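Data block below; observations after.
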Amino acid sequence: MASFAAGAGQFLSLHQTRTRPKLHCTPSSASITTNTIRCQQISSQNPNKPLKTRPSKTPVLSVKNLAISAAAGVLFHVAFKSSSLFGFGGGGGGGGASGGGGGGGGGGGGGGGFWKRLLSPVANADENQSPEWDVHGLPADIIVPLNKLSGFKKYKLSAIEFLDRVKSAVVGSEDSFFEMVSLRAGGVYTKAQLQKELETLATCGMFEKVDLEAKTNPDGTIGLTVSFTESTWEEAEYFKCINVGLMAQSKAVEAEENMTEKEKIDYMRNQERDYRRRMERARACMLPSTVHREIVKILGQGNVSARMLQNIRDRVQKWYHDEGYACAQVVNFGNLNTNEVVCEVVEGDITRVVIQFQDKLGNVCEGNTQTGVVRRELPKQLQRGNVFNIEAGKQALRNINSLSLFSNIEVNPRPDEKNEGGIIVEIKLKELEQKSAEVSTEWSIVPGRGGRPTLASIQPGGTVSFEHRNIKGLNRSILGSVTTSNFLNPQDDLAFKLEYVHPYLDGVTNSRNRTLRTSCFNSRKLSPVFTGGPGVDEVPPIWVDRTGVKTNITEVNVNHIYTL
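Spelled out as structure tokens, the structure:
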């Protein structure tokens, strides 16, 4: 399903791959193969590193075909070619579910010549080996219908062409129809695979008529020609976009061939009524009026065609993805052959937010942090009922990272298998150790003879500090430190500091963000003021001791910070 990290962050990505349709269409309906959505995960590992990318290994979100017939044209299912629209990842830090990483290195040395000569030819042969394929065994430069090919051979395709029967011209590879074909030049396919591809094209709704023909080549390969007549519908003046996410799937009812005229009329009326009810139950989409006007201009170019609908699909999805709605997809077009084209969009509604703790090995475990501490850091747009947005995921990573409780943070949007078109946002966390201690030492260096640096004393100084964070899982902490310039005799200038931090003073569920801080401290230093002066006996050292307690309450309110 978007990996990026907060502070170290990264976020989620969207991949699309074609799948074959499982929908039977009536002659008046139009349906194009559905698509698969992969929303990548967002992860944060090291809060001190900038955004990096890495691949995602999240599951896929499948948007199934909807099959509802309207009066004069049912649905138009949109197909997408395999491409990656977004990619976000995270690197460094403590790893995570979407990790991946390269590495390598090499070394050389003598003595391996025999094994190198022995094994290299085998390795090269295996590396350069191409899939097995069979020579067609037919005369060259002849046209062979698909049903005349042998079912026992594997044919290698040298090229694929699309021939527009209406224009009597071959369309270029940049044409949107090439998105519909999963076959590729240089690939090896059986007759059954080619027939399955033809069946897919014939039932996708893009073409009124489509056929596959093979042309034999002298080298034993075949070239494939897809001859087609593009589907067209009546002109439309209006455009409507609806959000069909989380709606129950509609079941297609196939028209029987032996229907009477009255039964056919009743069938079409029922389909029209069902689709009208579906539009009434659907929610309005977020598409702005400016994009609506652009699409109406596209509709004004003439009869609605398959290519026109693909252009509309691309424009609608571009707006969603540019705005950060990475899981939004156009799934259908309805009301074809009417005055208004209806575009059905699955926007990616969040159905659940799941918080999951992991141990150092990435296994799910019980966390110490209370989930309410994490949930209060999530932006409103990442809450249940809203549409998943990349920027909201990034903000969540930054907010959670600011708690300084976790070594690795991942926000992973994945499909909700129980709610079609829904998104479950998984937040995976690896906690830092609750207790820590640190000792640091130092020596003073002064200029010696000739200006060379010399130790002022061999007596070491330094600091001993400890920290107990996330007490009771509520992000409360106790910090203490002791500092001296002489570890061997620390009484001379011993200084200490002890601090207690209590966030969420009004409760984790309270919207007020007030933090109580209380600390006690001590410092002991030689006074630089009391000195004997010239001709006066040396004054005994005078120590200045300071001890104090400080308490304050800080409230963060949007852009203002108040301290009491």
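At position 513 of the sequence shown the residue is numbered 513 (full-length UniProt numbering), and the sequence of numbers has no breaks. Glycine included, every Cβ here is placed at the ideal spot set by N, Cα and C. Since the model is a prediction, treat every value here as computed from it, not as a measurement.
Straight-line Cα distance separating L403 from P528: Residue numbering aside, residue 528 sits at position 528 when the sequence shown is read from its first letter. Residue numbering aside, residue 403 sits at position 403 when the sequence shown is read from its first letter. Approximately 41 Å, taken between the alpha carbons.
Using a threshold of 9 Å, state whether the C-beta atoms of T515 and L505 are closer than that. Numbered from its first residue, the sequence shown carries residue 515 at position 515. Numbered from its first residue, the sequence shown carries residue 505 at position 505. Contact: yes.
Pick from E391, L397, K418, K428 that is closest to G362, judged by C-alpha positions: Start at 1 with the first residue of the sequence shown, and residue 362 comes out as number 362. Cα-wise, what sits closest to G362 is K428.
By how many angstroms is the C-alpha of L432 removed from the C-alpha of S477? For the purposes of this step, residue 477 is identified with residue 477 of the sequence shown, where counting begins at 1. For the purposes of this step, residue 432 is identified with residue 432 of the sequence shown, where counting begins at 1. In a straight line, the C-alpha of S477 is about 13 Å away from that of L432.
Residue nearest to K360 in terms of C-alpha spacing, selected from I553, N408, L474, D322: The residue you call residue 360 lines up with position 360 of the sequence shown. The residue with the shortest Cα to Cα distance from K360 is N408.
Touch test, the segment 363 to 382 against the segment 439 to 449, Cβ-Cβ under 8 Å, three pairs minimum: no
Between the Cα of A185 and those of L198, T200, T225, spot the shortest distance and give me the residue it belongs to. Taking the sequence shown and counting its residues from 1, one reaches residue 185 at position 185. Comparing Cα-Cα distances from A185 to each of L198, T200, T225, the minimum goes to T225.
What first and last residue would you give for the beta strand (DSSP E) that runs through N243? Position 243 of the sequence shown holds residue 243. 238 to 243 is the span of the beta strand (DSSP E), which, as asked, contains N243.
Local conformation of K472 per DSSP, three classes: Here residue 472 is taken as the residue at index 472 of the sequence shown, counted from 1. Looking at K472 - three-state DSSP - the assignment turns out to be coil, as it is neither helix nor strand.
So which of G385, W319, A169, C285 has the shortest CA-CA distance to D349? Along the sequence shown, one-based indexing puts residue 349 at 349. If we check each option's Cα against that of D349, G385 comes out closest.
Would you kindly report the start and end of the unbroken alpha helix (DSSP H) that includes V529? Walking along the sequence shown from the start, residue 529 turns up at place 529. Careful: V529 lies outside any alpha helix (DSSP H) and carries neither H nor E.
Looking only at its own chain, which residues have a Cβ that is under 8 Å from the Cβ of E237, when we skip the five neighbours before and after it? On the sequence shown, residue 237 is found 237 positions in, with the first residue counted as 1. Cβ neighbours of E237 beyond the five flanking positions: V296, L299, G300, N339, E340.
Reducing DSSP to helix, strand and coil, say where N339 ends up. Walking along the sequence shown from the start, residue 339 turns up at place 339. Three-state DSSP puts N339 in coil, outside helix and strand.
How many whole angstroms separate the CB atoms of I222 and T216, which I take to be in contact at a CB cut-off of 8 Å? Working through the sequence shown from its first residue, we reach residue 222 at position 222. Working through the sequence shown from its first residue, we reach residue 216 at position 216. The pair is a contact, with the Cβ atoms about 6 Å apart (cut-off 8 Å).
What does the alpha-carbon distance come out to for the pair H292 and V188? Looking up residue 292 in the sequence shown gives position 292. Looking up residue 188 in the sequence shown gives position 188. C-alpha separation (whole angstroms): 44 Å.
R546 and R524 closer than 9 Å at C-beta: One-based indexing of the sequence shown puts residue 546 at position 546. One-based indexing of the sequence shown puts residue 524 at position 524. For R546 and R524, yes; Cβs fall inside 9 Å.
Quick check on the DSSP output: what are the complete beta strand (DSSP E) runs of length 3 or more inside the segment 479 to 512, in order along the chain? 495 to 502
Tell me the DSSP secondary structure of Y275 in three-state form. As a position in the sequence shown, residue 275 is number 275, starting the count at 1. Three-state DSSP puts Y275 in a helix.
Taking 9 Å as the cut-off, decide whether the C-beta atoms of E199 and S182 are in contact. Reading the sequence shown from its first residue, position 199 is the one you call residue 199. Reading the sequence shown from its first residue, position 182 is the one you call residue 182. Taking 9 Å as the Cβ cut-off, E199 and S182 do not qualify as a contacting pair.
Name the residue from I423, N399, V374 whose alpha carbon lies nearest to the alpha carbon of F388. Counting from 1 along the sequence shown, the entry for residue 388 is found at position 388. When only C-alpha atoms are compared, the closest one is I423.
Quick one: residues in its chain with C-beta nearer than 8 Å to the C-beta of A282, no 5 flanking neighbours on either side, listed in chain order? On the sequence shown, position 282 is the one that residue 282 refers to. Non-local C-beta neighbours of A282 in its own chain, meaning closer than 8 Å and more than five positions away in sequence, comprise I242, N243, V244, M247, E344, ordered along the chain.
What do you reckon, are the CB atoms on F333 and R313 nearer than 9 Å? Looking up residue 333 in the sequence shown gives position 333. Looking up residue 313 in the sequence shown gives position 313. Closer than 9 Å, so yes.
For E467, tell me which candidate among D493, V501, G448 has the shortest Cα-Cα distance. Reading the sequence shown from its first residue, position 467 is the one you call residue 467. It is V501 whose Cα lies nearest to the Cα of E467.
Under the DSSP definition of a beta bridge, which residues are partnered with E426? Here the question's residue 426 lines up with position 426 in the sequence shown. In the DSSP output, where bridge partners are listed per residue, E426 has V354, N412.
Decide if G548 is buried, meaning its Cβ has at least 16 other Cβ atoms within 10 Å, or exposed. Within the sequence shown, residue 548 is the residue found at index 548, counting from 1. Exposed: under 16 other Cβ atoms inside 10 Å.
Can you tell me where the alpha helix (DSSP H) holding V373 begins and where it ends? Here residue 373 corresponds to residue number 373 of the sequence shown, with the count starting at 1. Per DSSP, V373 belongs to the alpha helix (DSSP H) from 371 to 375.
Assuming contact is defined by CB atoms lying nearer than 9 Å, are W233 and N337 in contact in what I supplied? In the sequence shown, counting from the first residue as 1, residue 233 sits at position 233. In the sequence shown, counting from the first residue as 1, residue 337 sits at position 337. Yes, the pair counts as a contact, with Cβ atoms nearer than the cut-off.
Measure the alpha-carbon distance for F162 versus A214 and round it to whole angstroms. For the purposes of this step, residue 162 is identified with residue 162 of the sequence shown, where counting begins at 1. For the purposes of this step, residue 214 is identified with residue 214 of the sequence shown, where counting begins at 1. Cα to Cα, the separation comes out at about 12 Å.
Would you kindly work out how many angstroms separate the C-alpha atoms of V508 and P379, rounded to a whole number? Locating residue 508 in the sequence shown gives position 508, counting from the first residue. Locating residue 379 in the sequence shown gives position 379, counting from the first residue. If I take the Cα positions, the gap works out to 15 Å.
Going by C-alpha distance, which of W133, Q310, V135 is nearest G205? Taking the first residue of the sequence shown as 1, we reach residue 205 at position 205. Selected option, being the one with the closest Cα: Q310.
For I458, which residues of its own chain have a beta-carbon under 8 Å away from its beta-carbon, when the five flanking residues on both sides are left out? Here the question's residue 458 lines up with position 458 in the sequence shown. Excluding sequence neighbours, I458 sits near W443.
Taking Cβ to Cβ, would you say T190 is nearer than 9 Å to G137? Translated into positions along the sequence shown, residue 190 becomes position 190. Translated into positions along the sequence shown, residue 137 becomes position 137. No, the Cβ-Cβ distance between T190 and G137 is not below 9 Å.
In whole angstroms, what separates the C-alpha of L455 from that of L488? The sequence position of residue 455 within the sequence shown is 455, counting from 1. The sequence position of residue 488 within the sequence shown is 488, counting from 1. Answer to the nearest angstrom: the Cα atoms are 16 Å apart.
Beta-carbon within less than 6 Å of V544's beta-carbon, same chain only, minus the 5 sequence neighbours each way: which residues are those? Your numbering for residue 544 matches position 544 in the sequence shown. Counting only Cβ-Cβ distances below 6 Å, and skipping sequence neighbours, we find K525, S527.
Taking all protein chains shown into account, do 16 or more other C-beta atoms lie within 10 angstroms of the C-beta of P415, making it buried, or fewer, making it exposed? Stepping through the sequence shown from its first residue, residue 415 is reached at position 415. That one is buried.
Those runs of the beta strand (DSSP E) which lie wholly inside the segment 279 to 343 and span at least 3 residues: With a minimum length of 3 residues, the continuous beta strand (DSSP E) runs that stay inside the segment 279 to 343 are 329 to 334.
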